[in-house]
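Novice: Here you go, one structure.
4 protein chains.
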Amino acid sequence: MRVILLLAAAAALLADDKTAMLQKMDSQSPHYGEVSRKIWEFAEVGYKENKSSELLKSELKQAGFAIEAPIGGVPTAFTAAWGQGKPVIAIMGEYDALPGLSQDAVPERRPIVNGGPGHGCGHNLLGTASLFAAVTLKDWMAAHHIKGTLRFYGTPAEEGGGGKLYMARAGAFNGVDVVLSWHPADQNGASMASSLAIISAKFRFYGKAAHAAAAPDAGRSALDGLMIMGQSIEFLREHIPDSTRIHYVITNGGAAPNIVPDYAEMFLYARHPSMPVLDGIWERILKCARAGALASETRMEMELIDSAYNILPNDSLAALVDKNMRLVGGVTYTAWEQSFAETIRKTLPGRGQLGSQEKVEPPREGFTSASTDAGDISWMYPMAALSAATFVPGVPPHSWQSAACAGMSIGRKGMVVAAKGLVLTAMDLFTDPAQVTAAKADFEKRRAGYEYRSRIPADHKPPLNYRDNK
Amino acid sequence: MRVILLLAAAAALLADDKTAMLQKMDSQSPHYGEVSRKIWEFAEVGYKENKSSELLKSELKQAGFAIEAPIGGVPTAFTAAWGQGKPVIAIMGEYDALPGLSQDAVPERRPIVNGGPGHGCGHNLLGTASLFAAVTLKDWMAAHHIKGTLRFYGTPAEEGGGGKLYMARAGAFNGVDVVLSWHPADQNGASMASSLAIISAKFRFYGKAAHAAAAPDAGRSALDGLMIMGQSIEFLREHIPDSTRIHYVITNGGAAPNIVPDYAEMFLYARHPSMPVLDGIWERILKCARAGALASETRMEMELIDSAYNILPNDSLAALVDKNMRLVGGVTYTAWEQSFAETIRKTLPGRGQLGSQEKVEPPREGFTSASTDAGDISWMYPMAALSAATFVPGVPPHSWQSAACAGMSIGRKGMVVAAKGLVLTAMDLFTDPAQVTAAKADFEKRRAGYEYRSRIPADHKPPLNYRDNK
Amino acid sequence: MRVILLLAAAAALLADDKTAMLQKMDSQSPHYGEVSRKIWEFAEVGYKENKSSELLKSELKQAGFAIEAPIGGVPTAFTAAWGQGKPVIAIMGEYDALPGLSQDAVPERRPIVNGGPGHGCGHNLLGTASLFAAVTLKDWMAAHHIKGTLRFYGTPAEEGGGGKLYMARAGAFNGVDVVLSWHPADQNGASMASSLAIISAKFRFYGKAAHAAAAPDAGRSALDGLMIMGQSIEFLREHIPDSTRIHYVITNGGAAPNIVPDYAEMFLYARHPSMPVLDGIWERILKCARAGALASETRMEMELIDSAYNILPNDSLAALVDKNMRLVGGVTYTAWEQSFAETIRKTLPGRGQLGSQEKVEPPREGFTSASTDAGDISWMYPMAALSAATFVPGVPPHSWQSAACAGMSIGRKGMVVAAKGLVLTAMDLFTDPAQVTAAKADFEKRRAGYEYRSRIPADHKPPLNYRDNK
Amino acid sequence: MRVILLLAAAAALLADDKTAMLQKMDSQSPHYGEVSRKIWEFAEVGYKENKSSELLKSELKQAGFAIEAPIGGVPTAFTAAWGQGKPVIAIMGEYDALPGLSQDAVPERRPIVNGGPGHGCGHNLLGTASLFAAVTLKDWMAAHHIKGTLRFYGTPAEEGGGGKLYMARAGAFNGVDVVLSWHPADQNGASMASSLAIISAKFRFYGKAAHAAAAPDAGRSALDGLMIMGQSIEFLREHIPDSTRIHYVITNGGAAPNIVPDYAEMFLYARHPSMPVLDGIWERILKCARAGALASETRMEMELIDSAYNILPNDSLAALVDKNMRLVGGVTYTAWEQSFAETIRKTLPGRGQLGSQEKVEPPREGFTSASTDAGDISWMYPMAALSAATFVPGVPPHSWQSAACAGMSIGRKGMVVAAKGLVLTAMDLFTDPAQVTAAKADFEKRRAGYEYRSRIPADHKPPLNYRDNK
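Residue numbers (the numbering used here), protein chains in the order written: chain R, 1213 to 1682; chain D, 1213 to 1682; chain S, 1213 to 1682; chain E, 1213 to 1682.
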């Protein structure tokens, strides 16, 4: 009885706290806007985020967090911890850019560096909102003597490099109770969406060079091996489950036409809503690759590049985030931002609805066609997910339009929404043990006994150079 | 000294004999014309030559030959022997027809049975000329008390069935000193031409049926396996020696579109002027077949259908045949035959030269793009080869035009030329041991220590039904 | 007011009628069991159903129907009409067998004729139940002076031949108000399921023959054209909407390996839940076929074989059928039938549930992966559909198990269920104009203005020989 | 009569001249050795030979030649002329390096710049020997008042860029009587060898990008177009004349696996001993490319990169060169060079015979599997060709071994042999009009009325950036 009363009192207290917190965060947001802009300018691709991670680490160190870096052999991975005891609440932050998406913060296509990288997925905002949330929470915990441990995870190379997998393998997530994640989007709200499990690899064929006119029969063409593999995969498409995705490019198709190619490389992704089903499909892709080598008398080597589980949603965490997001509210544009948004939308006719950035959407199940290494974390620990409207409604990720938004005030406003959502949700988790318990119960129910196992081999080194073509 | 005198005397004697022999054969030729016409009408395909082989056997039996049949598990194979002791001279005769070449003996396309078989390679003449020669020689040997053994080989299924290989494997050729062979053609003369070594096989893929609309992912397509094999072979073409030939058809490409095919079959030939080189190419074809099965998760089985060495020419035998063919001379047309020939030639514009059938061509090295199981025999024993103009000049084998010629007087005249050439050459071999010795010496020189080994596995049964598609 | 009273009276009358009707039908069922068995024994494939259609026509003629035949150039298509005026109610009946499914009426695989056709889709029952219903209804209409026209449609070649399309094109369905259809199944009930729209065709490639060893460069391979088309289609699979199905077999892959094939043929089906989407996919398949011809310098001809729309369900007709099927009830097995069913089920482990044949399932939306030319009719006229458990639960169509059931008492019991369902539903339609009106309203709502257009070209002749391979 | 006497006197004079000339050239050779070494160090690839061409131009300008540059829009092409009137004798010089063949002048694999270009075909020697010959001839013409015009052709980008074709198209060769050419080799002698006619092009496919997981059906894959083209070409191989060569690499196979590639590029060479035959093959390659675009709904553009005729040998010029090369003699190694040569040969077991560099080989017909734009010139004007042993016997062109030789004394000694051969031959041509007449007569006889026509379209710009991949 007494407990209930106390909790009710705490709840009342918290409600006041939350309102104050939102006001306080508004006043602190300009600093984090600057941090996000710097990382936007760094625009560093996966595993090369040296300046970006240094900036985040220095902010956290200055705020009093204990930094650990590197993690699991990844120079740009780090953790920052504050507090002690239970619960252990984790906030994840990403900061890698995408190749080819260099773009100025203007509503028309204008690369800063032709062909250079850019923040087309808004990860400059992602890492910075998480930083903002972490520092804000630490101040609140210190001020209110809140028990528990807060951890920030600096997670590199989300875009195909699988940074979180190497951090988890190194034990960096041990002891965590609940993980909080978010992602830039064109809408606000708690997320229940799943994603596609993915495995990606580079398939390398090694043949025997020969003069292609003088002695083609003395050569063994690595390109032939790759072509036969590719065509075998096309035949495979008919005989695998619906909703599978297999897509590949040829990253090396031979050096010069007059030499039988002794080297060729394919970079391939395979995806499916379920990892165990994907495992079976992957076995068959491997057979196609081996068949290419067999038929062409070449040698094939596969280098696993990335792997990610589909996201396991969590019902009670989604409900909690939803409740808090409704306190936070959406994004309101100034006249100039409205004009920017309208100009952007003209480049994407027929998509989204301007104005929806002001709303908070209810959580909905379903799955997106994207993949993320946050998926793996969601099969290890209860994970909350939220979206914030950092992009003009209708702007898809991995576009120059999203890169433009991520570098100006629209992106920064969305970032503040995200940071607020994370903070309010963490406040609940730190002060209401029942929320953590419910999150864990939902986690167990959803995974239904399935034991997570990383698809990355135990001795596999992080592909620190996966953004380079051999 | 004395030997020389005797041999000179023998030579003189023989010259008289030969002239008489040619006259005698002219008088006996009508009977053999009728035999050849009957076999032309039987038109039985490989390993099904029941009536044809029965007719030949009955002729030989009646002439006093000792018949042995069947040979090596082949019902239509037989040998017929006469005489005893050395030398042992073999004459080979074929009598199988070709599917789809049914044709009346008229100079325009007119099948007797639509889609039925016909003697498009003139084997009705082949077996009968050899019969004619054998019976004639036996009479001469008996009359002149010639020492030695004469053997007739009834060799079925030359057109892709490899009958001679199973006869040789059964030991039927043991003890032979020299083999005489001939083939219908559009010219006369001793032959020094080689042929292409060949290996042929049926590749069968076994998958798993499934409803192609309801559950394509539950099926494993045998047709996919075959298609991937086929395409792998196309890639192979660039990286094998020039002059290789690989050609295939799909003899079973699935039963019905709405079922994932659980069975598919490819019938493939590979050829090259050299058998050891072909062995290497064959290994790589097998890899393509295995790759097809691997990539499609199906099972592949290969059934070897046929194999033949390239022909090993024999210089001294060619010289001997050439000498005798000049005694025999070519073919002269009547006015009606000339008219028939001219009509035929209009269907084959730009080929050959009418009149050349009257000449005897000198032996020339080179190689034809055909393959024959006589090739294997030529690597086991010294083998003579000759051609006779059974076809109008310019008419290629395996055409309706050659089937037409083989059924009328032009074919029969060429057949008599062949029979005469065989007889005169055998007379020399029976009476002049030096010719046999020279033939053997040339044989050893040409094969240069290479040990013949049949490409048919020891336990492989004759493909008696190779003309049926499964 | 008066009308309502009359209708209420009619309804009461009808309820009595229906009970009597079901009893009467039980007593007449043996005769129709014999008819179905005869057609089962005829086992005639599409467009060759001469004896089957004659038998049905003679039954209908004897019952007083006016027969019209042939229809639209199809010898085995016919209509049988009775009565006059509105409404016009159509009942469709099929009677074609499937190649390769010859099977005795025993619970183990035992073909009557090896490789011969059999009633693996139960169309012997389909046509006969419709006959049974038509004759029963006619008697009832005559006895009760029911106004309206009853038409029986003898629709051949449902299995890939598209018989109904040619009948519709010839105007045979003009004036129909509602169409009643049913299909053998392993359960009973009204059907709301849609099906897959389908287009099928034979793609024929014409090249230039040449000796494959002597002059491969003089040949143009029809098989190459087909192989390139096939491979191109495999590449297509990635870039077409999910739920598409494309499946093909090679019905002619060349005559003999030593000839460059001058003819090759592929038989291909394409399917999708929506015909307009399928139209777009079909255009792209055609481009693949043209690409095969272009790259191989061969000529391609497409012969459209079949086309069928997805079924357009009708809500109010489904409700009406459901109501009547609940009066009819399911199928009860004797001890021997139960034993037969159990033996059958052992050959199909893990499927269906024995006993469910006694129930009547509620109508459910969704779509099956089958295709049927009834789909076209459903886009032209309101169409009711029902299933009856002619097959042991768990037995899929197009299996030897279904062919076995279709030839014995289990199949015949299901057939009676179907006939009863058709009769009771037609009685409602003939006596209650509101039912017809409601059916038409639902029809208009579902098709939403889409104008049906047959995918068969106006001048396309029925493919009367589509079951023969060229 | 008088003419003959004068010519005889001239011949005697010339014999003395030639001996003196060879001695004089030996004394001047060190300077040209230095020039060749500088160009070897520049190692500039096709159309980028800025420093190399500048060096050659400055040497020729200083010697009194009139320089014309650029030619036909090619910055590194030039001509240098001296003298006037007839005959007009041309000497061609090349100076482009090969990508990837950077190599120090040592007998083991040691790149100077990893992956950088190198003179693996000895063109640093080629251009310099021609320079040496031109300057020497000019001095001799001036000293002896020899009538006629001497022209030096600085011909860039022989290795796949077709520099000579653009120079000829610009009219730079107009008026030439005889062209002298040579090439570095591993032996000395006049050359009668032909080469392979070649056409090369980049095939570019343009599709439509789409997210490969979210909307693969919205994309049109440029890579699919390219893959289908490639596969179609593999099928083509069976049905084109023997001795054809088709070889390709994929220079752009898509940007990233998660995007449907909207761009892909193949770089393809086709070759055959006869240009008219190659024309026919090229038409069929184009069809394969169009088929790839058709089947994948992408757009294909071909950019012709290079084209070269097979070399037309000239009998009388070959005899003349042969006569002079016998005066010149071969290359003698020092002990150190011998040791260098032996070390090199250990890296190429089983090739060539050390010592043969001292001999002069007689001219022999046949064809090499290389291709050169000198082929086009040989179909426009009578062309002499000679080889000199700049490479250790057994060293093939386009190898690191040849790049090593080209940078040290062995290469330079061979270069002097070539320069001498060119000089003596030109002396004959300038002083004996009958030699020019005979060369022209042979030219007419060999080309037999065939009218040369460049395979480069009239409006085609030189592919100055062909060494860059897009």
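Backbone N, C-alpha and C fix where the C-beta goes; we use that ideal spot for every residue, glycine too.
Would you list, in sequence order, the uninterrupted alpha helix (DSSP H) runs of no fewer than 4 residues that lie entirely inside the region 1364-1411 of chain E?
Specialist: 1375-1381
Novice: Tell me the residue span of the beta strand (DSSP E) that contains D/Glu1280.
Specialist: Position 68 of the second sequence, counted from the first residue, corresponds to residue 1280 of chain D. Element bounds for D/Glu1280: Ala1278 to Glu1280.
Novice: Answer yes or no: do D/His1331 and D/Trp1252 have a C-beta to C-beta separation smaller than 8 Å?
Specialist: One-based indexing of the second sequence puts residue 1331 of chain D at position 119. One-based indexing of the second sequence puts residue 1252 of chain D at position 40. The answer is yes: Cβ separation under 8 Å.
Novice: For D/Glu1570, which option in D/Ala1586, D/Ile1556, D/Thr1602 and D/Leu1532 has the closest C-alpha, if you only look at C-alpha atoms?
Specialist: Position 358 of the second sequence, counted from the start, is the residue given in the question as residue 1570 of chain D. Here the closest residue by C-alpha is D/Thr1602.
Novice: Within its chain, find whatever has a CB closer than 7 Å to the CB of D/Arg1667; leave out the 5 residues flanking it on each side and keep chain order.
Specialist: Looking up residue 1667 of chain D in the second sequence gives position 455. So the qualifying residues of the chain are Ile1411 and Ser1519.
Novice: Kindly list the residues whose CB is nearer than 6 Å to the CB of E/Arg1457, restricted to its own chain and excluding five residues on each side of it in sequence; keep chain order.
Specialist: For the purposes of this step, residue 1457 of chain E is taken as residue 245 along the fourth sequence, with counting starting at 1. Answer for E/Arg1457: Arg1483, listed in chain order.
Novice: Counting only beta-carbon separations shorter than 8 Å, does E/Phe1415 have a partner in chain D?
Specialist: Along the fourth sequence, one-based indexing puts residue 1415 of chain E at 203. Taking Cβ atoms only, chain D never reaches closer than 8 Å to E/Phe1415, which makes this a no.
Novice: Counting pairs of beta carbons, one from the region 1462-1478 of chain D and one from the region 1476-1490 of chain S, are three or more of them closer than 8 Å?
Specialist: yes
Novice: Give me whichever residues DSSP pairs with S/Trp1294 in a beta bridge.
Specialist: For the purposes of this step, residue 1294 of chain S is identified with residue 82 of the third sequence, where counting begins at 1. Paired residues: S/Leu1362.
Novice: For S/Ile1493, tell me which candidate among S/Leu1448, S/Glu1280 and S/Ser1611 has the shortest Cα-Cα distance.
Specialist: As a working note, residue 1493 of chain S is residue 281 in the third sequence. Nearest of S/Leu1448, S/Glu1280 and S/Ser1611 to S/Ile1493, Cα basis: S/Leu1448.
Novice: Can you tell me whether DSSP reads E/Ala1345 as helix, strand or coil?
Specialist: Sequence index remark: in the fourth sequence, residue 1345 of chain E carries index 133 (1-based). E/Ala1345: helix per DSSP, three-state reduction.
Novice: Would you list, in chain order, the members of the region 1432-1448 of chain R that have their beta-carbon closer than 7 Å to a beta-carbon of chain E?
Specialist: Leu1435, Met1439, Gly1442 and Gln1443
Novice: In whole angstroms, what is the alpha-carbon distance linking S/Ala1660 and S/Ala1597?
Specialist: One-based indexing of the third sequence puts residue 1660 of chain S at position 448. One-based indexing of the third sequence puts residue 1597 of chain S at position 385. If you take the alpha carbons of S/Ala1660 and S/Ala1597, they lie about 20 Å apart.
Novice: Let me confirm a value: E/Glu1320 is counted as buried when at least 16 other C-beta atoms fall within 10 Å, else exposed. Which label applies?
Specialist: Here residue 1320 of chain E refers to the residue found at position 108 of the fourth sequence. When all chains shown are included, E/Glu1320 counts as exposed.
Novice: Could you pull the DSSP bridge partners for E/Glu1573 from this structure?
Specialist: In the fourth sequence, the residue the question calls residue 1573 of chain E occupies position 361. E/Gly1401, per the DSSP bridge assignment.
Novice: For S/Lys1499, count neighbouring C-beta atoms within 10 Å of its own C-beta (all shown protein chains included) and say buried if the count is 16 or more, exposed if not.
Specialist: Here residue 1499 of chain S refers to the residue found at position 287 when the third sequence is read from its first residue. The residue is buried, with at least 16 neighbouring Cβ atoms inside 10 Å.
Novice: Looking at the strands, I want to know which residues DSSP matches up with D/Gly1465.
Specialist: Here residue 1465 of chain D corresponds to residue number 253 of the second sequence, with the count starting at 1. Paired residue(s): S/Ile1462.
Novice: Quick one: grab the DSSP three-state call for R/Gly1185.
Specialist: A query on residue 1185 of chain R cannot be resolved here, the shown segment of chain R reaching from 1213 to 1682 and no further.
Novice: Kindly confirm or deny that the region 1419-1436 of chain D and the region 1541-1550 of chain D touch, where touching means at least three C-beta pairs closer than 8 Å.
Specialist: The region 1419-1436 of chain D is not in contact with the region 1541-1550 of chain D.
Novice: For a contact defined as C-beta to C-beta under 8 Å, what are the partners of D/Pro1428 on chain R?
Specialist: Against the second sequence, residue 1428 of chain D aligns to sequence position 216. Correct list: Glu1450 and His1451.
Novice: Examine the Cβ distances between the region 1269-1287 of chain E and the region 1301-1314 of chain E and report whether three or more of them are shorter than 8 Å.
Specialist: no
Novice: Suppose the cutoff is 8 Å on Cβ atoms and the five residues either side in sequence are ignored; what does the same chain contact list for D/Ala1530 look like?
Specialist: Residue numbering aside, residue 1530 of chain D sits at position 318 when the second sequence is read from its first letter. Once the five neighbours on either side are set aside, the close Cβ partners of D/Ala1530 are Ala1402, Ser1403, Met1404, Pro1575, Ala1596 and Ala1597.
Novice: What's the gap between the Cα of D/Gly1465 and the Cα of E/Ile1452?
Specialist: Indexing the second sequence from 1 puts residue 1465 of chain D at position 253. Indexing the fourth sequence from 1 puts residue 1452 of chain E at position 240. Going by the C-alpha atoms only, they are around 26 Å apart.
Novice: Since I believe D/Gly1372 is in contact with D/Tyr1678 (beta carbons under 8 Å), could you give me their beta-carbon distance rounded to a whole number of angstroms?
Specialist: On the second sequence, position 466 is the one that residue 1678 of chain D refers to. On the second sequence, position 160 is the one that residue 1372 of chain D refers to. Right, their Cβ atoms sit about 7 Å apart.
Novice: If we count Cβ pairs, one from each stretch, closer than 8 Å, do we get three or more for the region 1506-1515 of chain D versus the region 1605-1616 of chain D?
Specialist: no
Novice: Output the distance between the C-alpha atoms of R/Gly1375 and R/Glu1256, rounded to the nearest integer angstrom.
Specialist: Translated into the one-based positions of the first sequence, residue 1375 of chain R becomes position 163. Translated into the one-based positions of the first sequence, residue 1256 of chain R becomes position 44. Cα to Cα, R/Gly1375 sits roughly 14 Å from R/Glu1256.
Novice: Say whether the region 1341-1356 of chain R touches the region 1555-1563 of chain R, bearing in mind that this needs 3 or more beta-carbon pairs closer than 8 Å, one atom from each stretch.
Specialist: no
Novice: Would the beta-carbon of R/Pro1485 fall within 8 Å of that of R/Ser1583?
Specialist: By one-based count along the first sequence, residue 1485 of chain R stands at place 273. By one-based count along the first sequence, residue 1583 of chain R stands at place 371. No, the Cβ-Cβ distance between R/Pro1485 and R/Ser1583 is not below 8 Å.
Novice: For the region 1483-1503 of chain R, which residues have a beta carbon sitting closer than 8 Å to at least one beta carbon of chain D?
Specialist: Arg1496, Lys1499, Cys1500, Arg1502 and Ala1503
Novice: Rounded to a whole number of angstroms, what is the C-alpha to C-alpha distance between S/Met1233 and S/Lys1632?
Specialist: The count along the third sequence starts at 1 and reaches residue 1233 of chain S at position 21. The count along the third sequence starts at 1 and reaches residue 1632 of chain S at position 420. For the pair S/Met1233 and S/Lys1632, the Cα-to-Cα distance works out to about 8 Å.
Novice: Classify S/Pro1674: buried if its beta carbon has 16 or more other beta carbons within 10 angstroms, exposed otherwise.
Specialist: Residue 1674 of chain S sits at position 462 when you count from the first residue of the third sequence. Buried.
Novice: From the beta carbon of R/Ala1509, is the nearest beta carbon of chain D less than 8 Å away?
Specialist: Reading the first sequence from its first residue, position 297 is the one you call residue 1509 of chain R. With the sequence shown as reference, residue 1509 of chain R is identified as Glu, and Ala is not the correct amino acid for it. By this cut-off, R/Glu1509 is an interface position.
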